[in-house]
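Single-structure report; data block below.
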Amino acid sequence: MGGIEATHTRGDGALWATILMLVILACSLSSFAVKANDPPVIANVQAEQNPVTMHVLVSYNVYDPDGDPITITLRLSENGGISYPIRCLSVSGDVGAGITNGIGKHILWDALADYPGSYGDYYVVKVVARDGYLGQEMVLVPAGTFIMGDGETACSSEHEVTLTRDLYLGQHEVTNDEYLEAVQWAYDQGYVTATTSSVSDNLDGSSEELLDLNSYRSEIKFDGAGTFYLREVSSIPGDYNPDFHPVKEVTWFGAVRYCDWLSMKLGLPRAYEHSGDWTCNYGDPYGAQGYRLPTEAEWEYAAQWNDDRIYPWGDEDPDCSQANNLDIYGDPTIYCVGWTSPVGNYPDAPAALGLSDMAGNIAEWCNDWLVCGLGTNPVTDPPGPPSGTSRAVRGGGWASDDVRLLCARRGTGSSPGQSSQWEGFRVVRTANP
């Protein structure tokens, strides 16, 4: 490898480094989306390569406001910083687990040991810091009664629903960065197995697929040596940061398992059993203490809130300033974006409680089996059908027409083992189980 510079320019045939700050969003359960954890911050990264040994000396400062133990890794990009799939293994110094706050930390990387004879113009190194904290920004949704359904289809019959418990609902859809943090933790604990093409469950005798990494649409990847990383989808025009886009190519099982990882990390009872039919809290999702997926009733109640609004932002027909979907009122053959947007990218069109992307961007898995014929009689805390073949999906996505964005409109659902670029999720937790 050639020389290394800690600047934004690169020399001929040189491995080069840029100053990069990693900000990992990690938030705990709280009402009104109040953060309870501050992530570690990396700053003042500098790198120098010894022209004789070709060892790379990287210095950095790290600070975690909460004083949490920090895990430091050094990663390498071969494409000028577009993605960092390579973990530098021949490292020593202030790297690995148990790193504490400080300035002037050092990592010594034996570049030739990892990549003998490698030269190029597009190498970038990045220092990554993680504190192992998992959490979500949550919004309080008070208990209440509403009319579920719109009577427009056989599967959307109107009926009165009463929810007796307050709930905390994820302010936004779970992002790539949040899922990456969680699945890395789960892998390190032995709760999942992974190949470069798939992530599978490894609890309660389950081996269900959680993430399809083989899809070219998946922004989460696995290096085969123990590390997950993010990358841009090359077919999407223009550069973008996948960190804050909603996770995709996640099965219903993968969404449920994420909920359980959060619960386990925070010392809460898991909401789901994985050895049988993956029922939530033995058929009583509202009584679960841990994180889970929202029931269809909870999802629709939060989306329309107390004023029976047609869309999450009100009764105004959608356009590309309100949601990321098909531009049906401009040109029905043209997408507003053509891919997902960063979560919370439509601040002028939130749901009544400040929830973002309840319509469009990516459709959201719900806890329920999808079965038509919910009836017209009043119900209290409906747990959803006891069985089925497809799980409910709500809210529509970036390729959906305006009908799919209606608060009361039920989607066609998907098999729980299916993953796609169309489906993601947000989490919920009962406030007073």
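Residue numbering for the sequence shown follows full-length UniProt numbering, beginning at 1 and increasing consecutively. Glycine is no exception: its CB is placed at the ideal position from the N, C-alpha and C atoms.
Exercise for review: Look at the Cβ atom of Val-58, then the Cβ atom of Ile-72, and state whether they are nearer than 8 Å.
Suggested key: no
Review point. Taking C-alpha atoms, which residue in Val-45, Ala-113 and Tyr-335 lies nearest to His-55?
Key: Ala-113
Check your understanding: Is Pro-382 helix, strand or coil when you go by DSSP?
Key -> coil
Check your understanding: Below 8 Å between beta carbons: does that hold for Glu-300 and Ile-362?
Key -> no
Point to revise | Euclidean distance between Cα positions of Asp-308 and Cys-280 | key: 28 Å
Check your understanding: What's the call for Ile-70, buried or exposed, on a 16-neighbour Cβ count within 10 Å?
Key -> buried
Check your understanding: How would you call Asp-158, buried or exposed, if buried means at least 16 neighbouring beta carbons within 10 angstroms?
Key -> Per the sequence shown, the amino acid found at residue 158 is Glu instead of Asp. That one is exposed.
Practice item. To the nearest angstrom, report how far apart Ala-111 and Gly-384 are at their CA atoms. Key: 56 Å
**Study point:** Residues near Leu-74 by beta carbon distance below 8 Å, same chain, minus five either side
**Key:** Val-58, Arg-87, Cys-88, Val-91, Val-95, Ile-107, Trp-109, Val-125, Lys-126, Val-127 and Val-128
Check your understanding: Within 10 angstroms of its Cβ, does Thr-196 collect 16 or more other Cβ (buried), or is it exposed?
Key -> exposed
**Study point:** Gly-170 versus Asp-381: straight-line alpha-carbon distance, rounded
**Key:** 19 Å
Check your understanding: Roughly how many whole angstroms lie between the Cα atoms of Gly-290 and Ser-263?
Key -> 5 Å
Review point. I think Phe-244 touches Asp-177, with their Cβ atoms under 8 Å apart; what is that distance to the nearest whole Å?
Key: 7 Å
Check your understanding: What distance in whole Å lies between the Cβ atoms of Val-393 and residue 437, which are believed to be in contact at a cut-off of 8 Å?
Key -> Residue coverage of the chain in this structure runs from 1 to 433, which leaves residue 437 outside it and unanswerable.
Check your understanding: Can you tell which of Pro-350, Thr-162 and Gly-287 has the C-alpha that lies nearest to the C-alpha of Asp-315?
Key -> Pro-350
**Study point:** Span separating the alpha-carbon of Ile-334 from that of Met-358
**Key:** 21 Å
Exercise for review: For Leu-22, I'd like the list of residues in its chain whose CB is within less than 6 Å of its CB, leaving aside the five on either flank, ordered along the chain.
Suggested key: Residue placement at Leu-22 cannot be trusted, given a pLDDT of 25 that sits under 50; what the coordinates show is reported in the next sentence. Excluding sequence neighbours, Leu-22 sits near Ile-42, Val-128 and Ala-129.
Practice item. With DSSP as the reference, label Arg-309 as helix, strand or coil. Key: coil
Practice item. Quick one: grab the DSSP three-state call for Arg-404. Key: helix
Practice item. For Gly-411, count neighbouring C-beta atoms within 10 Å of its own C-beta (all shown protein chains included) and say buried if the count is 16 or more, exposed if not. Key: buried
Check your understanding: Of the choices Asp-66, Tyr-115 and Ala-97, whose alpha-carbon is the least far from that of Ser-77?
Key -> Tyr-115
**Study point:** For Ser-200 and Ser-207, the rounded distance between their alpha carbons
**Key:** 5 Å
Check your understanding: Excluding five sequence neighbours on each side, which residues of the same chain lie with their C-beta closer than 7 Å to the C-beta of Ala-288?
Key -> Ala-271, Cys-280, Asn-281, Thr-430 and Pro-433
Review point. What is the DSSP secondary structure of Lys-265, reduced to helix, strand or coil?
Key: helix
Point to revise | Inter-residue CB distance, Pro-39 and Tyr-63 (contact presumed, cutoff 8 Å) | key: Pro-39 to Tyr-63, Cβ: 10 Å. No contact.
Exercise for review: Give the single residue among Trp-398, Tyr-216, Lys-265 and Gly-117 whose Cα lies nearest to the Cα of Tyr-187.
Suggested key: Lys-265
Check your understanding: Ordered along the chain, which non-local residues of its own chain (more than five positions away) have a Cβ less than 8 Å from that of Pro-269?
Key -> Ser-263, Ala-288, Gln-289 and Gly-290
Practice item. Look at the Cβ atom of Thr-340, then the Cβ atom of Trp-398, and state whether they are nearer than 8 Å. Key: yes
Check your understanding: Which residues mark the beginning and the end of the beta strand (DSSP E) in which Arg-194 is found?
Key -> One detail in the question is off: residue 194 reads as Ala in this sequence, not Arg. Its beta strand (DSSP E) spans residues 192 to 194.
Practice item. Could you check how far apart the C-beta atoms of Val-250 and Leu-203 are, in whole angstroms? I think they sit under 8 Å. Key: With a Cβ gap of about 17 Å, Val-250 and Leu-203 do not count as contacting.
Exercise for review: If I'm right that Leu-163 touches Ala-297 with Cβ under 8 Å, what's the distance once you round it to whole angstroms?
Suggested key: 6 Å
Review point. Where does Leu-293 sit, in a helix, a strand or coil, going by DSSP?
Key: coil
Exercise for review: Assign Ile-103 to buried or exposed, taking buried as 16 or more other Cβ atoms, counted over all protein chains shown, within 10 Å of its Cβ.
Suggested key: exposed
Practice item. Could you have a look at Asp-121 and say whether DSSP puts it in helix, strand or coil? Key: coil
Exercise for review: Report all residues from its chain with a CB closer than 8 Å to the CB of Pro-378; omit the five preceding and five following residues, and keep chain order.
Suggested key: His-159, Glu-160, Val-161 and Thr-162
Review point. What residues are listed by DSSP as bridge partners for His-55?
Key: Asp-110
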